[in-house]
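Asker: This note's numbering applies: residue -18 is where the sequence shown begins, and numbers increase by one.
For every residue, glycine included, the Cβ atom is placed at its ideal position computed from N, Cα and C.
The structure displayed is predicted, hence computed values, not measured ones.
Take this structure first; my questions come after.
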Amino acid sequence: MKLIKTIANCCLVFITVIAVCVIIAFVYYHYFVKDTTIGVNNINDQLAVDIKKDDELTDEEKDIFEERWFMEANYYSNDKNNGVQLQELKYNYFTGYNLTQDQYRSTGMQFLGDFRTYTQEVHKESEANERVLSEFYYYDTTNGINWSGFKGQYGSVSTVLNRNQQFIIKIDNRPFSIQLDGKYDTYGRLWGFLWTVKQSTTYFDYGDVFDAVFSAIKSNDKGYGDYYITLDLSQYFSIREYDGTSGKFKADDVTDIIKNYAVLKFHYDENGARNSTQSIFGSIECNPKYDTSDEHIDTTYWQERMTYTLTYTSKLNGAELFTYRYSEIYDGYFVSLSMDGKKLFADMPRAKVNITLDLQSEYLAAKEIKVVGLDYNAFDGLEIDTLTIKGNARTFYLLEKSLNDTQLKTLKHSRGIVLDGTANAINNEYSEVLI
């Protein structure tokens, strides 16, 4: 009996020692061993899995199927000033999981000029996901035919290039889903000196990808010609594999870092575009018969266009761009653009202006300014793309000609804000959006 008890005690001590060693090993591994699992997706050709052998293809079929990549770009830089500057980017993908020829489709965007990306203020992710950039012409390609059915993000019979859009692509002869859903957060110290907090989130859009692609093309050391380069799309796109059993795309929950590489095929030319046949869509400005001659080259197309967003805090040479006039009748202030501001933008005909008026802003509260509307001729003659008015429920007055000759495209305002005076304030058609 004593022997058995001694053996049992020894076993208990032995098991305890082993347990302690396992715990120590686990703690060491958990806190000090940082294994990183990296996944790599190489997006190569997007040829259908049922493509015939090369010697079985006709010459016409070879032109269509010889090279099909996820991204194709066409860039006429107009460095010779003999046409218009043209930038085009096409995405090739499939409409089904079988990856066959009958599921081929392409979607692309076209810009006349040298596009520069910009950041638009958004208040929620759903707004960013639905937004479509208005600067571009959009095209689809089906059955070898290029066409444009895009009439705005709320009225279209073509593919809508926004963050909600998902494409089916081929990787290793298997279907995957690719989606532009990248974003990044900006941090700063609370009140300027306390702990670090998230201040804002920026959501990438197709304009960001477009700008990055053409920056890569312009910086290539081979210069003009036809080339292939491999781009890292990890910052912008996520990729998920299709599960044939469940019929859904699987989320990768085991990989720490996922790198997504895609081949870009591009044509880079020193000449300017002069007719629609030079476009990969066979059309310029949605016009398949586009043509130009030396005496009719419109050089404004290849001038850089800058976008400005004006708020209460916008300044010019240290002076505020907005001025305020108090009205006893309305018991508040009417806002307008200063004369210096109007002169500034009059000298920049290619400037694109967005205006945001937050009626509940801390800036106004600090200055004890209650904005009740736009003054007479407030922004008269200033080309405005989007005017946003947000705040609590109230009546916002648009005095006579406050938005005359602005070519205003979109007027956004909070649901509780009632606009008074639009009939005499705006002399062009525009879209009204509730936010």
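Do you know how far the Cα of A243 is from the Cα of E222?
Answerer: As a first step, residue 222 must be located in the sequence shown, where it is residue number 241. As a first step, residue 243 must be located in the sequence shown, where it is residue number 262. Rounded to whole angstroms, E222 to A243 spans 16 Å at the Cα level.
Asker: Measure the C-alpha to C-alpha separation of L384 and D189 and round it to an integer number of angstroms.
Answerer: Here residue 384 corresponds to residue number 403 of the sequence shown, with the count starting at 1. Here residue 189 corresponds to residue number 208 of the sequence shown, with the count starting at 1. Near 30 Å, if we compare the C-alpha coordinates of D189 and L384.
Asker: Once the 5 residues before and after R306 are set aside, which same chain residues still bring their CB inside 6 Å of it?
Answerer: Indexing the sequence shown from 1 puts residue 306 at position 325. Cβ neighbours of R306 within its own chain (closer than 6 Å, five residues either side excluded): F315, D356.
Asker: Alpha carbon to alpha carbon, how far is T81 from R396? Give it in angstroms, no decimals.
Answerer: Sequence index remark: in the sequence shown, residue 396 carries index 415 (1-based). Sequence index remark: in the sequence shown, residue 81 carries index 100 (1-based). Spanning the two alpha carbons is a distance of roughly 47 Å.
Asker: Which term fits I(-1), buried or exposed, when burial requires 16 or more other beta carbons within 10 angstroms of its beta carbon?
Answerer: Position 18 of the sequence shown, counting from 1, holds the residue named residue -1. Classification for I(-1): exposed.
Asker: Compute the distance between the beta-carbons of V352 and T376, then report whether it is under 7 Å.
Answerer: The sequence position of residue 352 within the sequence shown is 371, counting from 1. The sequence position of residue 376 within the sequence shown is 395, counting from 1. Going by beta carbons, V352 and T376 fall outside the 7 Å limit.
Asker: How many whole angstroms separate the CB atoms of V141 and V113, which I take to be in contact at a CB cut-off of 8 Å?
Answerer: By 1-based counting over the sequence shown, the position of residue 141 is 160. By 1-based counting over the sequence shown, the position of residue 113 is 132. Yes, they are in contact, since the Cβ atoms of V141 and V113 sit about 6 Å apart, within 8 Å.
Asker: Since H104 sits in a beta bridge, which residues does DSSP pair it with?
Answerer: Reading the sequence shown from its first residue, position 123 is the one you call residue 104. Per DSSP, none; premise fails for H104.
Asker: Between which residues of its own chain and K240 is the CB-CB distance below 8 Å, once the five residues before and five after are set aside?
Answerer: Numbered from 1 along the sequence shown, position 259 holds the residue referred to as residue 240. Cβ within range, chain order: I19, G20, V21, N22, D213, S215.
Asker: Under the DSSP definition of a beta bridge, which residues are partnered with E301?
Answerer: In the sequence shown, counting from the first residue as 1, residue 301 sits at position 320. DSSP, once it has assigned bridges, lists K296 as partnering E301.
Asker: Using 8 Å for Cβ pairs, my map puts D60 next to R86. What's the rounded Cβ distance?
Answerer: In the sequence shown, the residue the question calls residue 60 occupies position 79. In the sequence shown, the residue the question calls residue 86 occupies position 105. About 33 Å; that fails the 8 Å criterion.
Asker: Is it buried or exposed for Y168, if we count other Cβ within 10 angstroms and need 16 for buried?
Answerer: As a position in the sequence shown, residue 168 is number 187, starting the count at 1. Y168 is exposed by the Cβ-count criterion.
Asker: Beta carbon of Y72, beta carbon of A254: below 7 Å?
Answerer: Taking the first residue of the sequence shown as 1, we reach residue 72 at position 91. Taking the first residue of the sequence shown as 1, we reach residue 254 at position 273. No.
Asker: Where does G322 land, buried or exposed, given buried means 16+ other C-beta within 10 angstroms?
Answerer: Along the sequence shown, one-based indexing puts residue 322 at 341. By the neighbour-count criterion, in which 16 or more other beta carbons inside 10 Å mark a residue as buried, G322 falls on the buried side.
Asker: Under the DSSP definition of a beta bridge, which residues are partnered with V190?
Answerer: Mapped onto the sequence shown, residue 190 falls at position 209. DSSP, once it has assigned bridges, lists no residue as partnering V190.
Asker: Residues in the same chain with beta-carbon distance under 8 Å from H277, minus the five sequence neighbours each way, listed in chain order, please.
Answerer: In the sequence shown, the residue the question calls residue 277 occupies position 296. Reliability fails at H277, whose pLDDT of 48 lies under 50, so the model's placement of it is uncertain and the value that follows must be treated cautiously. Result list for H277: empty, nothing under 8 Å.
Asker: Within a Cβ cutoff of 6 Å, which residues of the same chain sit near A374, ignoring the five residues on either side of it in sequence?
Answerer: The count along the sequence shown starts at 1 and reaches residue 374 at position 393. Around A374: G397.
Asker: Apply the 10 Å Cβ neighbour rule to K43 and answer buried if 16 or more other Cβ atoms are within range, or exposed otherwise.
Answerer: Here residue 43 refers to the residue found at position 62 of the sequence shown. With a pLDDT of 49 at K43, under the threshold of 50, the modelled position of that residue is not reliable, and the figure given next carries that caveat. By the 10 Å Cβ count, K43 comes out exposed.
Asker: Beta-carbon separation of I407 and L368 under 7 Å?
Answerer: Counting from 1 along the sequence shown, the entry for residue 407 is found at position 426. Counting from 1 along the sequence shown, the entry for residue 368 is found at position 387. No.
Asker: Among the residues of its own chain, which have a CB less than 6 Å from the CB of S412, if the five just before and after it don't count?
Answerer: Within the sequence shown, residue 412 is the residue found at index 431, counting from 1. Within the same chain, S412 has close Cβ partners T391.
Asker: Should M90 go down as buried or exposed, given a rule of 16 or more other Cβ atoms within 10 Å for buried?
Answerer: Position 109 of the sequence shown, counting from 1, holds the residue named residue 90. Classification for M90: buried.
Asker: Shorter than 6 Å, the distance from the beta carbon of F247 to the closest heavy atom of the ligand FAD, or not?
Answerer: Absence of the ligand FAD is noted for the structure shown, with no ligands found whatsoever.
Asker: Going by Cα to Cα distance, which pick from D312, Y165, F360, T226 is closest to F326?
Answerer: The residue given as residue 326 occupies position 345 in the sequence shown. F326 has its Cα closest to that of F360, out of D312, Y165, F360, T226.
Asker: Throw me the rounded Cβ distance for the K371 and I416 pair, which I believe falls under 8 Å.
Answerer: In the sequence shown, counting from the first residue as 1, residue 371 sits at position 390. In the sequence shown, counting from the first residue as 1, residue 416 sits at position 435. Right, the Cβ-Cβ distance comes to about 6 Å (below 8 Å), so this counts as a contact.
Asker: How is E111 classed by DSSP in three states: helix, strand or coil?
Answerer: Working through the sequence shown from its first residue, we reach residue 111 at position 130. Three-state DSSP puts E111 in a helix.
Asker: Between which residues of its own chain and D272 is the CB-CB distance below 6 Å, once the five residues before and five after are set aside?
Answerer: Residue mapping note: residue 272 aligns to position 291 of the sequence shown, counting from 1. In its chain, beyond the 5 residues on either side, N256 have a beta carbon closer than 6 Å to the beta carbon of D272.
Asker: Can you name the start and end residues of the alpha helix (DSSP H) that G322 belongs to?
Answerer: Start at 1 with the first residue of the sequence shown, and residue 322 comes out as number 341. Per DSSP, the continuous alpha helix (DSSP H) segment holding G322 begins and ends at 320 to 327.
Asker: Taking the beta carbon of G354 as the centre, do at least 16 other beta carbons fall within 10 Å, making it buried, or is it exposed?
Answerer: For the purposes of this step, residue 354 is identified with residue 373 of the sequence shown, where counting begins at 1. So G354 ends up on the buried side.
Asker: Excluding the 5 residues flanking A232 on each side, which residues of the same chain have their C-beta closer than 7 Å to its C-beta?
Answerer: Here residue 232 refers to the residue found at position 251 when the sequence shown is read from its first residue. Taken in chain order, the residues that qualify are R221.
Asker: Over the uninterrupted alpha helix (DSSP H) stretch that includes N405, give me the two end residues.
Answerer: Taking the sequence shown and counting its residues from 1, one reaches residue 405 at position 424. Counting along the chain, the alpha helix (DSSP H) containing N405 begins and ends at 403 to 406.
Asker: Excluding the five sequence neighbours on either side, which residues of its own chain have a C-beta within less than 6 Å of the C-beta of T281, listed in chain order?
Answerer: The count along the sequence shown starts at 1 and reaches residue 281 at position 300. Low confidence applies to T281: its pLDDT is 47, below 50, so where it sits in the model is not reliable, and the reading given next is rough at best. So the list is empty, once near-sequence residues are dropped.
Asker: Less than 7 Å between C-beta atoms, sequence neighbours within five positions excluded: which residues of the same chain meet that for F185?
Answerer: Position 204 of the sequence shown, counting from 1, holds the residue named residue 185. L161, G163, K164, Y217.
Asker: When we look at the beta-carbon of S181 and count the other beta-carbons within 10 Å, is it buried (16 or more) or exposed?
Answerer: On the sequence shown, position 200 is the one that residue 181 refers to. That one is exposed.
Asker: In the DSSP assignment, the beta strand (DSSP E) including E53 goes from what residue to what residue?
Answerer: The residue you call residue 53 lines up with position 72 of the sequence shown. Residue range 52 to 57 is occupied by the beta strand (DSSP E) that includes E53.
Asker: Hey, quick one: how far does the beta strand (DSSP E) through E343 stretch, first residue to last?
Answerer: Sequence index remark: in the sequence shown, residue 343 carries index 362 (1-based). No beta strand (DSSP E) contains E343, which is instead part of the alpha helix (DSSP H) from 343 to 348.
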